[in-house]
Amino acid sequence: MADYNHKHIEPKWQAFWNENQTFKATVDKSKPKFYSLDMFPYPSGAGLHVGHPLGYIASDIVSRFKRNKGFNVLHPMGFDAFGLPAEQYAIQTGQHPAITTKENIDRYKEQLKNIGFSFDWDKEIQTCDPAYYKWTQWIFLRIFNSWYNKATEKAETIDQLVATFAQSGNANVSAACDEDTPSFSADEWNAWSEEEQQRMLLKYRLTYLSETSVNWCPELKTVLSNDEVKDGFSERGGHPVVKKKMKQWSMRITAYAQRLLESLDNLDWSEPLKEMQRNWIGKSIGAELAFPVIGHDLKINVFTTRIDTIFGVTFLSLAPESEMVAELTTEDQKEAVAAYVETAKNRSERDRMSDVKTISGVFTGSYATNPFNGTQIPIWIADYVLAGYGTGAVMAVPCGDQRDYDFAKHFDLPIVPVIEDADISEKSDPTKEGVMMNSGFLNGMSCKDAIAKAIEFAEEKGVGKGKINFRIRDAIFARQRYWGEPVPVYFKNDLPYLVDEADLPIILPEIDKYLPTEDGDPPLARAENFNYTPKGETEAYPLEMSTMPGWAGSSWYWYRYMDAKNDTAFVDKDIQEYWGNVDLYIGGSEHATGHLLYSRFWNKIMYDLGIVNQQEPFKKLINQGMIQGRSNFVYRIKGENKFVSKGLKDDYDTIDMHVDVNIVYNDELNMEAFRKWRPDLANAEFITEENGKYVCGWEVEKMSKSKYNVVNPDDIIERYGADTLRLYEMFLGPLEQFKPWNTNGIDGVSKFLKKLWRLFHNQEGEFAVSDEAPNKAELKVLHKTIKKAEEDIERYSFNTSVSSFMICVNELTALNCNNRQVLADLVVLISPYAPHITEELWSLLGNKESIVNTPYPVLNEEFLQEDEHEYPIAFNGKMRVKMSFAVDKPNAEIQAEVLASKDVQKWLEGKTPKKVIVVPKKIVNIVI
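Counting along the sequence shown from 1, when you hit position 767 you're at 767 in full-length UniProt numbering, and nothing is skipped either side.
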């Protein structure tokens with residue numbers, strides 16, 4: 001085979017890897033381990049476009065490199081297979097989501113295998129497989145049977161808590177629990193019925209049922225998390241989302257807020273990504289104050305980070321969802337409040353917080369008392385206040401907060417600055433009406449001291465206390481959908497009980513439709529006999545009808561990869577001990593506040609319970625940038641089926657029209673393919689450039705079907721090969737950056753591979769390499785490349801490595817190098833990037849084993865030492881000539897040779913230099 005033929009080479013080696021299970025990972029304690037993980041994809045019907053493999057290629061390069069460096073590598077792949085698209089398709093067509101999902105997965109696997117990834121397919125997982133979600137349910141059992149002990153700062157089993165209650169009640173229990181949890185003694189606990197005890201335990205469990213305000217999407221008929229809602233619409237499908245009270249499963253992620261925050265500092269993640277998590281967790285140090293409501297036996301609790309501004313409070317703001325709204329609304333305000341609340345509940349929290357232009361609110365008609373100075377302040381409802389943050393109430397200080405100021409100006413409310421008054425004693429009692437009014441005993445203090453003093457005063461008077469607050473809310477853990485993991489819970493007397501572990505998995509039942517029932521129950525209510533009979537009982541109880549959210553199966557999947565076929569254990573302890581946590585995780589930044597946060601949360605629970613041995617799941621994390629689409633345009637003459645080339649369009653009245661980039665090559669339109677693209681274009685006419693070509697316009701946009709700029713990797717592989725695709729995606733730019741896909745540059749990468757191939761072949765196309773010893777120049781080129789390639793991979797700078805390979809091949813070509821030793825090392829260097837062509841060349845070199853486990857070439861710095869140095873020869877500081885000298889040549893000899901040079905004599909013009917300065921390995925300066 002004389003010419004490089006990717007269509008022959010690539011299938012050959014993909015079949016070889018598959019048949020020989022080249023990438024199968026097993027525990028090998030004689031080698032250091034490396035766990036390389038990709039954020040597993042949700043398989044859509046559209047398959048992959050060229051933007052999707054970017055991160056996979058990067059992780060594959062590192063995985064292959066680590067194998068060459070002697071590591072035992074685990075590099076798995078699987079599919080996040082529960083999701084809304086498959087269910088929406090099922091609703092529309094009646095086809096079971098499992099069928100759609102399998103078809104999509106098969107398509108993805110075919111495409112991934114065609115790109116030549118070193119995945120251990122023996123460890124493939126699919127979250128919709130009962131063999132997998134059995135263990136998701138198993139984890140749920142343990143979370144349900146746990147509580148968070150603030151004293152030990154860890155999750156502990158509920159049995160320990162029950163024992164404490166039976167012995168001493170809850171007086172000495174410091175737990176993450178519901179705020180309305182009452183105090184009770186051991187006698188009271190022991191006197192309660194099982195039902196009463198179980199209801200109390202729900203206030204402590206790490207996963208629990210409660211009435212919660214949720215994001216309800218009527219079109220999708222499910223609850224969405226905050227990160228799945230944008231500007232009041234679902235991110236998937238763009239459907240309206242409203243606030244709705246529902247009984248929901250939640251997980252007490254708030255218990256882990258501080259730990260999730262603190263351990264970020266020890267992770268090798270990008271600072272912007274860590275900052276996104278810090279902001280989402282949102283730690284605030286401040287105080288909670290109680291404002292008594294006038295005429296009610298009720299207090300409004302407010303969290304503030306600036307208690308020192310208490311004397312500037314002129315009104316209170318409640319969230320529209322606040323349970324106090326109904327009680328505080330006076331008769332004359334009921335109609336206005338009802339209308340306002342109805343409007344506000346249809347706006348998402350993100351929308352309400354980010355919308356600074358719209359000021360919206362309504363007066364309840366009630367008043368509260370400032371606990372520091374006794375002044376009466378009105379109670380309003382404002383949509384910039386969120387029920388899920390703090391207490392759902394804000395003490396408004398218009399003189400110190402922009403949103404409070406804008407609200408006060410809009411509704412003509414007082415804006416009172418804090419007046420300093422040094423005459424008021426610090427020992428005065430500000431709770432007596434009229435004593436302090438708009439002055440304060442904090443005058444003259446720094447902000448920090450004033451806050452501390454105000455908290456101390458509030459605590460002494462019993463009107464408030466210092467408090468740490470977090471923005472993060474407990475995570476909703478339920479979807480009113482069919483296509484998800486069943487929750488392993490049954491209900492007895494309206495209380496949740498766990499199914500027996502031996503009965504896992506609870507498998508999704510067959511149903512006639514994938515819609516909620518006519519009564520509004522989730523689709524699982526359509527299943528016949530979806531019940532559970534506990535051991536030792538005869539009565540069947542109804543199972544939970546909601547399913548787990550999409551993030552359930554993705555919050556632990558990296559552990560299952562370690563031991564994917566284990567039927568008896570979550571993961572074998574010895575196997576888990578060996579692989580530990582993930583060394584490199586690559587995926588999109590869009591998962592920063594969803595998947596990554598929930599994964600860390602579950603991992604910490606499992607660590608506390610002794611299920612896993614690592615507190616954090618992912619050591620190193622890289623967010624790959626997005627590959628953007630490069631759209632092409634044709635220019636249609638208005639009212640005609642005639643198209644003008646880009647260079648001539650200004651002479652006509654035209655309309656820009658997106659065109660399929662797959663029929664455009666180097667911005668030149670394939671006119672015949674264009675006519676076949678759509679029926680209405682069959683008779684299209686063209687006004688072309690002088691050379692007869694139709695040139696398209698272009699613009700960088702998001703890759704999207706609607707813009708016809710989606711490039712299918714199958715097309716690139718068919719035309720250029722998978723190795724070209726891999727190299728080109730890395731060559732586009734730094735991994736973390738956004739960059740446009742531009743087919744114009746792919747020819748250069750393709751030519752590079754052909755040039756590499758030719759190094760191993762003579763002019764007749766025959767394989768021909770020399771067994772002679774390499775010369776100095778060849779070794780210098782090779783070892784310069786070894787050094788660069790190794791440094792680049794270790795710092796994940798893949799684009800610069802591709803450039804260095806191109807330079808190396810060019811230089812070796814110029815040297816007419818066909819030395820076996822040099823070329824063998826070169827193919828090992830390139831093999832992580834272009835595995836197919838290098839496997840073929842490695843085989844042609846006479847090797848029987850795969851290149852995959854071949855030791856990486858060892859750098860020898862001696863070959864990089866320079867024998868000569870090129871000196872610039874300057875005249876009065878201006879460089880005129882260059883001359884090379886041996887690096888160890890004495891200065892006197894350099895000076896003599898410089899002055900003897902004809903080129904130097906020309907610039908001297910017969911003059912005698914006043915001085916000649918030789919700076920070793922730098923410059924020679926002649927002063928005339």
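Where is the CB? At the ideal position from N, CA and C, for every residue including glycine.
Asked, Found
"Apart from the five residues just before and just after S844, which ones in its own chain have a Cβ nearer than 6 Å to its Cβ?", "In the sequence as presented, Ser is not what sits at residue 844; that position holds Leu. The residues are F767."
"Report the partner residues of F40 according to the DSSP bridge assignment.", "Answer is none; F40 lacks a bridge partner."
"Look at the alpha carbon of E321 and the alpha carbon of T212, and state the distance between them as a whole number of angstroms.", "10 Å"
"If you drop the 5 nearest sequence neighbours on each side, which residues of the same chain put their C-beta closer than 6 Å to that of V827?", "T838, L841 and W842"
"Alpha carbon to alpha carbon, how far is N5 from R473?", "56 Å"
"Using the rule of at least 16 other Cβ atoms within 10 Å of the residue's Cβ for burial, across every protein chain shown, is F738 buried or exposed?", "exposed"
"Figure out for me which residue from L596, D187 and G392 has the closest Cα to the Cα of F40.", "L596"
"Would you grab the beta carbon distance between R252 and Y89 for me? Rounded to a whole angstrom, and I think it's under 8 Å.", "With 8 Å as the limit, R252 and Y89 do not qualify as a contact, their Cβ atoms being about 34 Å apart."
"Return yes when the Cβ of K467 is within less than 7 Å of the Cβ of E288, no when it is not.", "yes"
"Run through DSSP, which three-state label would K221 get?", "coil"
"By DSSP, does S631 sit in helix, in strand, or in coil?", "strand"
"Please report the residue range of the beta strand (DSSP E) in which I310 lies.", "Careful: I310 lies outside any beta strand (DSSP E) and carries neither H nor E."
"Classify R600 as buried or exposed, calling it buried when 16 or more other Cβ atoms lie within 10 Å of its own Cβ.", "buried"
"Which runs of the alpha helix (DSSP H), 4 residues or longer, sit entirely within the stretch 40-82?", "54-68"
"Classify V356 as buried or exposed, calling it buried when 16 or more other Cβ atoms lie within 10 Å of its own Cβ.", "Because V356 sits at a pLDDT of 47, beneath the cut-off of 50, its placement in the model cannot be relied upon, and the following sentence gives the value as read from the coordinates. With fewer than 16 other Cβ atoms within 10 Å, it is exposed."
"Helix or strand or just coil, what does DSSP make of R252?", "coil"
"Taking the CB atoms as reference points, tell me whether I281 and L261 lie closer together than 7 Å.", "yes"
"Taking Cβ positions, are P234 and C217 nearer each other than 7 Å?", "It should be noted that the sequence gives Ser, not Pro, for residue 234. In contact: S234 and C217 (Cβ atoms closer than 7 Å)."
"Which residue marks the beginning of the beta strand (DSSP E) containing T654, and which one marks its end?", "T654 to V659"
"Taking W842 as part of the alpha helix (DSSP H), name the residues at either end of that continuous run.", "P835 to L844"
"Find the nearest neighbour of L864 within the set L782, A773 and W558, judged by alpha-carbon distance.", "L782"
"Starting from H869, trace the beta strand (DSSP E) in both directions and tell me its first and last residue.", "E868 to F875"
"Leaving aside the five residues before and after I294 along the sequence, list all residues of the same chain whose C-beta is less than 8 Å from its C-beta, in chain order.", "S366, Y367, A368, T369 and Q376"
"Flag this pair as touching only if the stretch 70-89 and the stretch 139-155 have three or more C-beta atom pairs under 8 Å; answer yes or no.", "no"
"Taking the runs of the beta strand (DSSP E) that are 3 residues or longer, which of them lie wholly in the stretch 351-402?", "361-369, 376-382 and 393-396"
"By the 10 Å Cβ neighbour count, where 16 or more other Cβ atoms means buried, how is residue 929 classified, buried or exposed?", "No statement about residue 929 is possible, as the shown extent of the chain runs from 1 to 928 and does not include it."
"According to DSSP, simplified to helix, strand and coil, what is I851?", "helix"
"According to DSSP, simplified to helix, strand and coil, what is V828?", "helix"
"According to DSSP, what are the bridge partners of A175?", "N149"
"Are the beta-carbon atoms of V416 and T314 separated by less than 7 Å?", "yes"
"How about D656 and K638: do their beta carbons lie closer than 7 Å?", "no"
"What whole-angstrom Cβ distance do Y585 and I125 have, given they're in contact under 8 Å?", "No, Y585 and I125 are not in contact; Cβ-Cβ is about 16 Å, not under 8 Å."
"Using the rule of at least 16 other Cβ atoms within 10 Å of the residue's Cβ for burial, across every protein chain shown, is D159 buried or exposed?", "exposed"
"Would you report the Cα separation of Y204 and A552, rounded to the nearest angstrom?", "21 Å"
"Does I125 come within less than 7 Å of chain C when only Cβ atoms are used?", "Annotation note: the requested chain C is absent from the structure, which comprises a single protein chain."
"Grab me the residues of Y541's own chain with a C-beta within less than 7 Å of its C-beta, minus the 5 sequence neighbours each way, in chain order.", "Y490, F491, K492, N531 and Y532"
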